[in-house]
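Read in order, the letters of the sequence shown are residues 4 to 436 in the working numbering.
Every residue gets a Cβ at the ideal spot worked out from N, C-alpha and C, and that includes glycine.
Inspection log for the structure reproduced underneath, given as structure tokens.
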Amino acid sequence: MAVQPFKRDTSQPAAVPPAARAPNQAETPAAKMPDRAPENDAPVQRAPSPEGQGLVARFKADPRKYILSGAGLLLALFVGYQGIHWLVAGRYEITTDNAYIRADIATISPKVQGYVEQVHVTDNQTVKAGDLLVTLEVADYATRVSEAAAAFQQAVAAQTQARAGVAAAEANLQTAAAQISAQRDRLAQSKASTAAAEADATLATHDLERYTELAGKGHYPKASLDAAATKAQAAKATLDQSKAGITTAQSELSVAQANYHRAEEDLESAKAAVAGAEAQVEAAQARVDAAKLDATRTELRAPFDGVVANRVVAAGQLLNPGQQTMSIVPVSEAYIIANFKETQVERMRPGQEVDIHVDAYPDMKVTGTLDSIAPATGGQFSLIPMDTATGNFTKIVQRVPVRVKISDEALASGLMRPGLSVEATVIAKGVDG
């Protein structure tokens, strides 16, 4: 039996394998439809469009062209953004990273010597102004207060006695003055009596001389002559007595005057004693006040609100005046010292806004205000100022300290710890330069 050759049926198109199809030949819906529904819900993958296949082909043909184009576009966008940022804000910003948070930290030290009785705070504890920090033993100072009070009472008693001495001296002075007045009156009386006695004596002497002459001629009786002689003697005796009275009165007046001068000196001495006693009272009162003040100084209190740090004191420790016990950090009153270059301060003015970036808190937004600019560069306050007048000269850009006030919101957070590094940016808008 002869074998018949195989003939293809050309009435129906032969099935073409999927791998042999052209890339751009679209499948008919009948070809896409599966013979039966898939057992799962996986999406049906579609072939890429002709446009996408052409783009991929061109990219594969020359990839560097598209990479350079994309990089150029990104560079243009970056430069454009930076230019717009500089025009809008960048040209007004003056920045330095040489800036730190500062605060006026107080060192707590006793003013008197004593043993520590109790420490009332611990490290990192928040305190208010006036809170008790450390107590020293007060017994010794209480004794000193009592001793000073007793000395004060003694001084007051001495003052009272001195004032009594002044009163007595004034009374003696008045008595001496009265004696002087009496002695002057007595002297005046003695002088008057002497004048009368002298007149009587003169008259009696003249009468005696006249009677003696008459008696010698036999014209005057002897008995009358004897009476005239007796009268003349009596007048002379009275005159002598009056003169002696004047001498006595003058002597007594001198004594009275001396007593008066002595009374004046006694009064001055008494007044001086009073002044000395008053000075002693004031000194004793000062010692009482000092003793009471020292007693109050046995309590160390916080000078302002802050946080306790660097506590180096313990109960039972002997403290001397000025010895450090701890520090109080006023975190709520912290500020920033930013050291800008001297070429950056031209457009800075107090009151300008400052953006602050704290290294310890990179995600925290902090603002502030330029408070003041130092009157000299930081180098002027160094222990050994730079001398540019000798030897070789190398110009170094100086730094000007600028004080920045931190916003109340940032201070209220309690995170603005002195010593932290920050980056300060001054917004110098409204200032030409």
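For residue i, which option in the options has the closest C-alpha, if you only look at C-alpha atoms?
| i | options | result |
| --- | --- | --- |
| Asp188 | Ala427, Glu255 and Val130 | Glu255 |
| Val119 | Asp358, Ala200, Asn323 and Gly73 | Asn323 |
| Thr372 | Thr428, Ile399 and Gln320 | Thr428 |
| Lys2 | Ala238, Lys344, Ser149 and Ala235 | This structure cannot speak to residue 2, because the chain is shown only from 4 to 436. |
| Arg290 | Gln121, Pro66, Arg147 and Gln401 | Arg147 |
| Gly117 | His123, Tyr144, Ile111 and Asn127 | Tyr144 |
| Ala298 | Thr250, Arg402 and Lys114 | Lys114 |
| Tyr95 | Leu76, Gln347 and Asp292 | Gln347 |
| Ser257 | Ala185, Ala379 and Ala132 | Ala185 |
| Arg402 | Ser410, Gln383, Phe396 and Asp390 | Gln383 |
| Phe307 | Ala132, Asp203, Gln121 and Leu176 | Ala132 |
| Thr251 | Gln156, Gln177, Leu176 and Lys194 | Lys194 |
| Arg3 | Pro404, Ala200 and Ile97 | Nothing can be reported for residue 3, as the shown portion of the chain is limited to 4 through 436. |
From residue i to residue j, what does the alpha carbon distance come to, in whole angstroms?
| i | j | result |
| --- | --- | --- |
| Val284 | Val169 | 17 Å |
| Ala431 | Asn342 | 16 Å |
| Asn101 | Gln327 | 30 Å |
| Arg420 | Gly309 | 11 Å |
| Asp38 | Pro66 | Note that Asp38 scores a pLDDT of 47, beneath 50, so its modelled location is shaky; the value from the coordinates is reported in the next line. Their Cα atoms are separated by approximately 41 Å. |
| Gly422 | Ala106 | 9 Å |
| His360 | Ile340 | 13 Å |
| Leu76 | Val369 | 35 Å |
| Ala158 | Ala167 | 14 Å |
| Val400 | Met329 | 38 Å |
| Thr129 | Asn313 | 13 Å |
| Ala142 | Thr163 | 32 Å |
| Lys239 | Gly248 | 14 Å |
| Met389 | Ala317 | 44 Å |
| Thr241 | Ala165 | 51 Å |
| Glu345 | Leu418 | 30 Å |
| Ala160 | Ser272 | 18 Å |
| Thr110 | Val425 | 25 Å |
| Ile376 | Gly319 | 47 Å |
| Val82 | Ile70 | 18 Å |
| Tyr103 | Ser112 | 27 Å |
Pull up the CB-CB distance for residue i and residue j, whole angstroms please, since I reckon it's below 8 Å.
| i | j | result |
| --- | --- | --- |
| Asp374 | Lys408 | 4 Å |
| Val311 | Ile331 | 6 Å |
| Lys246 | Thr197 | 6 Å |
| Asp269 | Ala172 | 4 Å |
| Leu190 | Gln288 | That belief does not hold up - the Cβ atoms of Leu190 and Gln288 are roughly 52 Å apart, past 8 Å. |
* Meets three-Cβ-pair contact criterion under 8 Å: the region 398-415 and the region 327-345 -> yes
* Unbroken alpha helix (DSSP H) runs of length 4 or more, entirely within the region 225-301: which are they? -> 225-299
* Asked: Can at least three beta-carbon pairs, one atom from the region 124-137 and one from the region 363-374, be found at a separation below 8 Å?
  -> no
* Start-end ranges of the beta strand (DSSP E) lying completely within the region 402-426, minimum 3 residues -> 402-409
* Continuous alpha helix (DSSP H) assignments of at least 4 residues falling wholly in the region 149-207 -> none
* To do: Flag this pair as touching only if the region 206-213 and the region 229-244 have three or more C-beta atom pairs under 8 Å; answer yes or no.
  => yes
* Those runs of the beta strand (DSSP E) which lie wholly inside the region 103-141 and span at least 3 residues -> 109-111, 117-122 and 135-139
* To do: Flag this pair as touching only if the region 125-134 and the region 266-277 have three or more C-beta atom pairs under 8 Å; answer yes or no.
  => no
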